[in-house]
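Enquirer: Take any residue in the sequence shown, note its place counting from 1, add 285, and you have its number in our numbering.
The beta carbon of each residue, even a glycine, is placed where N, CA and C say it ideally should be.
Since this is a predicted model, take the numbers as computed values, not measurements.
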Amino acid sequence: MPREKLHLMLATFLSIRIHICSRMRFSKINGKVTQMKRMDTIALRMQSVCQRVGACSTCLNKQLNGFLTLLKWQKSPVPACIRTIYSETGRWEKNYGLETRRRVESWWFPRIKEQFCRISETDKSRPKFYVLSMFPYPSGKLHMGHVRVYTISDTVARFQKMRGMQVLNPMGWDAFGLPAENAAIEHGLHPASWTQSNIQHMRDQFDALGLSFTWEREVTTCLPEYYRWTQYLFLKLFESGMVYQKEALVNWDPVDQTVLANEQVDDNGCSWRSGAKVEQKYLKQWFIKTTAYAKAMFDALSDLPEWYGIKEMQANWIGDCVGCSFDFLLKVNGEVTGEKLAAYTYTPEAIYGASHLYILPSHRLLHGNSSLKEVLQREFIPGKDSLTSVTAVNLLTNQEIPVVISAKTSFENYLDTKIGIPSTSAEDAAIAKNLSISFTEVIEKLPNGLEKVINSEEFTGMTRQDALKALTQQAKNKGVGGDLMSDKLRDWLISRQRYWGTPIPVIHCQTCGTVPVPYEDLPVVLPKVTTFTGKGASPLETVPEWVNCACPRCKAEARREIDTMDTFVDSAWYYLRYTDPHNTDRPFNRDLADYWMPVDLYIGGKEHAVMHLFYARFFSHFCHDLKMTKHKEPFHKLLVQGLIKNQTFRLRTTGQYLKREEIDLTGTEPVHLKTGEKVQVTWEKMSKSKHNGIDPEELMKEYGIDTIRLYILFAAPPEQDILWDTKTDAMPGVQRWQVRLWTLVTKLVEARTSGTTPSPEVLSKKEKAEARRIWEQKNLVISEVTEYFTKDHLFNAAISRLMSLSNVLHQASWPLVLHSAEYEDALATLCIMVAPMAPHIASEMWKGLAHIENKLCTHHNWSADVLHQSWPRVDPEYLQPADVVEMAVLVNNRACGKVFVPQQAARNFEEVHELVLQSELGAKHLQGRTIKKAFLSPRTALINFLVQE
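1) State buried or exposed for residue 476, treating a residue as buried only when at least 16 other CB atoms are found within 10 Å of its CB.
2) Might you give, ordered along the chain, the residues of its own chain that have their beta carbon closer than 8 Å to the beta carbon of residue 1019, omitting 5 neighbours on each side?
3) Skipping 5 residues on each side, what residues in its chain have a beta carbon closer than 8 Å to that of residue 1211?
4) Am I right that residue 499 and residue 453 are in contact with their C-beta atoms under 8 Å? What's the rounded C-beta distance?
5) Residue 546 CB to nearest chain C CB: under 7 Å?
6) Taking C-alpha atoms, which residue in 1192, 483, 1130, 1170 lies nearest to residue 376?
7) Distance check for residue 1184 and residue 1223, CA to CA, integer angstroms please.
8) Can you tell me where the beta strand (DSSP E) with residue 614 in it begins and where it stops?
9) Return the chain-ordered list of same chain residues with a C-beta closer than 7 Å to the C-beta of residue 984, the five sequence neighbours on each side being excluded.
10) With respect to the alpha helix (DSSP H) encompassing residue 1116, which residues constitute its N-terminal and C-terminal limits?
11) Nearest by alpha-carbon distance to residue 662: which of 1126, 609, 646, 1190 is it?
12) Take residue 480 and list the residues in its own chain whose beta-carbon comes closer than 7 Å to its own, dropping the five residues that flank it on each side.
13) For a test of the three-state rule: what should DSSP assign to residue 1231, helix, strand or coil?
14) How many whole angstroms separate the CB atoms of residue 1156 and residue 447, which I take to be in contact at a CB cut-off of 8 Å?
15) Distance check for residue 601 and residue 581, CA to CA, integer angstroms please.
16) How about residue 533 and residue 918: do their beta carbons lie closer than 7 Å?
17) Can you check the stretch 529-585 for any beta strand (DSSP E) of at least 3 residues that lies completely inside it and give the ranges in chain order?
18) Cα-Cα, which of 678, 671, 806, 440 is closest to residue 620?
19) Can you name the start and end residues of the beta strand (DSSP E) that residue 889 belongs to?
20) With a Cβ-Cβ cutoff of 7 Å, do residue 469 and residue 817 count as a contact?
21) Compare the Cα-Cα distances from residue 759 to each of 612, 853, 791, 806 and report the closest residue.
22) Could you name each continuous beta strand (DSSP E) segment of 3 residues or more that falls completely within the stretch 622-700, going from the start of the chain to the end?
23) Around the Cβ of residue 634, are there at least 16 other Cβ atoms within 10 angstroms (buried) or fewer (exposed)?
24) Can you give me the Cβ contacts of residue 607 inside the same chain, cut-off strictly under 8 Å, excluding the 5 residues immediately before and after it?
25) Determine the DSSP secondary structure at residue 1138, reduced to helix, strand or coil.
26) Taking 7 Å as the cut-off, decide whether the C-beta atoms of residue 644 and residue 690 are in contact.
27) Which residue's Cα is closest to the Cα of residue 1075: 442, 967, 853?
28) Going by alpha carbons, who is nearest to residue 1047 out of 1077, 1099, 1007?
29) Residue 1105 and residue 1056 look like a contact to me (Cβ under 8 Å); what is the Cβ gap, rounded to whole Å?
30) Taking residue 1164 as the reference, which of 1102, 1067, 1108, 761 has the closest Cα?
31) In angstroms, rounded to a whole number, what distance separates the CA positions of residue 259 and residue 1137?
32) Does the count of Cβ pairs from the stretch 930-945 and the stretch 963-975 closer than 8 Å reach three?
33) Specify, as a first and last residue, the run of the alpha helix (DSSP H) that residue 517 falls within.
34) Could you give the residue range of the alpha helix (DSSP H) that holds residue 1029?
35) In this structure, what does DSSP give as the bridge partners for residue 862?
36) Report the residue from 510, 1109, 862, 595 whose alpha carbon sits nearest the alpha carbon of residue 924.
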């Protein structure tokens, strides 16, 4: 044999040996790899052979070095360079172990991401599905709550894509907020740098989870290209009279001389920085008149049938809109002060009968910076209704009535100002008489029991209901109130004395007053602030070159507004921006918004079920009224996911939270290892401060993406809390199920590569009946799983049904696996339905199925990956009435079995009676016995025989 040929053979043999050895499972004992000695011996022997035949030492050394390198201990049992799965080798790996799972996810992760991270140009001719999960605050680290909500949205998005929908599943960042400013104060980091760094880190974490977000539509609320349009909408509100300023209470730190957010005040009412006792102080604040939409938003709740549980919370927040406010101009001693006041009444139709206006002793007019403060405080008599020299002119009726400081310390709900109308309130009448305030009756009761309005100018003679509509409409037309609302809803205070927020686009001029920034000058960009101390006025005050500006109207010297907006304003319209995120001419294109809106499924936590949803609905209603959108309501269906909780350990004496490793769990009761003190064990929301958080990245490394996804979906229905315990049935259950799914594919691959050509004709009658049952089970599971995905989103129930189908397939006989088209189709269908929840394992399983020769099913698109398959549909013949009916047979009211009867005979008592007697069941239970009577229930497919005992 020529030396070159022998050399080549030996080199090939060595390569094969390396491959075989590298696939062996090594174990690490005392820091050394077992079998290494044996491998070294083999290598040396091969070296000796090569030297005898004259092999070149350079080639040989390369082979040996590669061989020995592979044998070095690695963290993974199988070296990463070794191919072990079908997609890499073309050979099906029989066992689904830890390394196979890792290789499957490693292979499919980038490929799935590449397929689904982008959305093509919007095709308005196709049906759409807009799934939106509430975007996160970029805190810098994902937690398990994030993993749950985004796993749900990703599963829904993949499912809807497989149904042929054009899916929008966007992601962005609610990036303004106090934590960034606190980081600047504590660590000297600029909020923009801190936020951007956090966003990048969380982007990487999202990518590691394999989520199919449409990243090309990403929005970030702290970027000028986004908050330019927040400012644009603010100006639209300003133009519509929906924005105003008035004094309101804020948390004031008397030491640092600064305003504090509620989060900066501890449980003892002290400042988080200075420790000083926080005071309540009146400052001028910006408000959005959300109460103007209260009635419309309350009524629209009836059009939201799929807001399960949340609709009631919204309705309770808004309240019964039975009354309204009217605007008054205040005078003192007959002189106009310029002060305006809105006052509430439960009976707007009787406004012409108003006798006085009440305010509480705690009202801002007595404690703020009002010009009336001194007069009102002087005339206030504690504990008594105090008639003052201040009067109020109703801007609708032009009637002038006195202001009374009430003896009460509180009114109903959040009211601090009310209109006294004696005609509709005995209490108001009594106070008016006690204070000698004259009034006019404006309600007259008719003989038929109805009431009409009198002494009310052009509204006289109307029924109370008609007068209510006419009066409130006239007030709205004049811009002096009239919007129906409850006594519990207040306007939205949006002012924040902070830096890291959207600048309010308003300029204050001594000549022109409050002037909106022209649209062409938007955005008003946040200036660069270099020093954050947490003391004094707003940080924006420290940038004079930004604050000082020219008035847009008169060009005189003026000052910018230094308050920024509540971050809820940014998130109140982001769902609209996602429809057209790169538009530089307007917030969004109406055609695109009309196509994508409303959001078909909105997913988020229950903590946002009131305020955020209310503000988002408000902006949607407002944009609709401006003809910017077709739809009033932004969200068709809500899915409010529960929390993920973990165990916490607290000392019973102090309430201090302890780490799990500080607890002795070996006894009957857990105790503190250090002191022996008993600890209280509860389940609470995961939190760093409670030492019960879990790092999602570590979980992914330990269990894999698919396993965590399946666990989250299977552990509990979405609305319920998950008690995190991987030792319960849920985690082992989904792990075993993945192995079973893999085994099913292995069985089919082995059957179809056994050398026997599949032939359904060879199946016996019994085997064909078994195949029929598989077909029926497949169709039943398709029907149920599809409903779980579309209606209730009960993914745990969907997984249970898929497990039942896998069990049926697992029990199938070998001839059925080899020769049955029903088995093959059911397994392929199972794989497709698993894909939205566990895309990596499903992709590899499908690849294995797709390359089986002699396939019996031709209706699947075998050339495409599983996530590009159409979602299975129930076979039409399954939906047709059955040829036979399964009739339950009872003997003396006890069930004893079932018999099959023809459909056309199932309603005929004589035929059913005879068929049962002739059956094996009848021979067993009825033969030789005296039948006294029999009853047939065609509706429930049941026949009951009463026999002589």
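Expert: Put simply:
1) When all chains shown are included, residue 476 counts as buried.
2) 992, 995, 996, 999, 1084
3) 1176, 1201, 1202, 1230, 1232
4) 6 Å
5) Absence of chain C from the displayed structure is noted, only one protein chain being present.
6) 1130
7) 14 Å
8) 608-617
9) 993
10) 1106-1119
11) 646
12) 423, 460, 465, 507
13) Three-state result, residue 1231: strand.
14) About 4 Å separates the two Cβ atoms, so the contact holds.
15) 14 Å
16) no
17) 543-545, 564-573
18) 678
19) 886-890
20) yes
21) Out of 612, 853, 791, 806, 612 has the C-alpha closest to the C-alpha of residue 759.
22) 641-644, 671-679, 685-690
23) buried
24) 631, 769, 771
25) coil
26) yes
27) Comparing Cα positions, the closest option is 442.
28) 1099
29) 5 Å
30) Per the Cα distances, 1067.
31) This structure does not reach residue 259, given that the chain is present from 286 up to 1234, and the question cannot be answered.
32) yes
33) 509-524 is the span of the alpha helix (DSSP H), which, as asked, contains residue 517.
34) 1015-1037
35) DSSP, once it has assigned bridges, lists no residue as partnering residue 862.
36) Answer by Cα proximity: 595.
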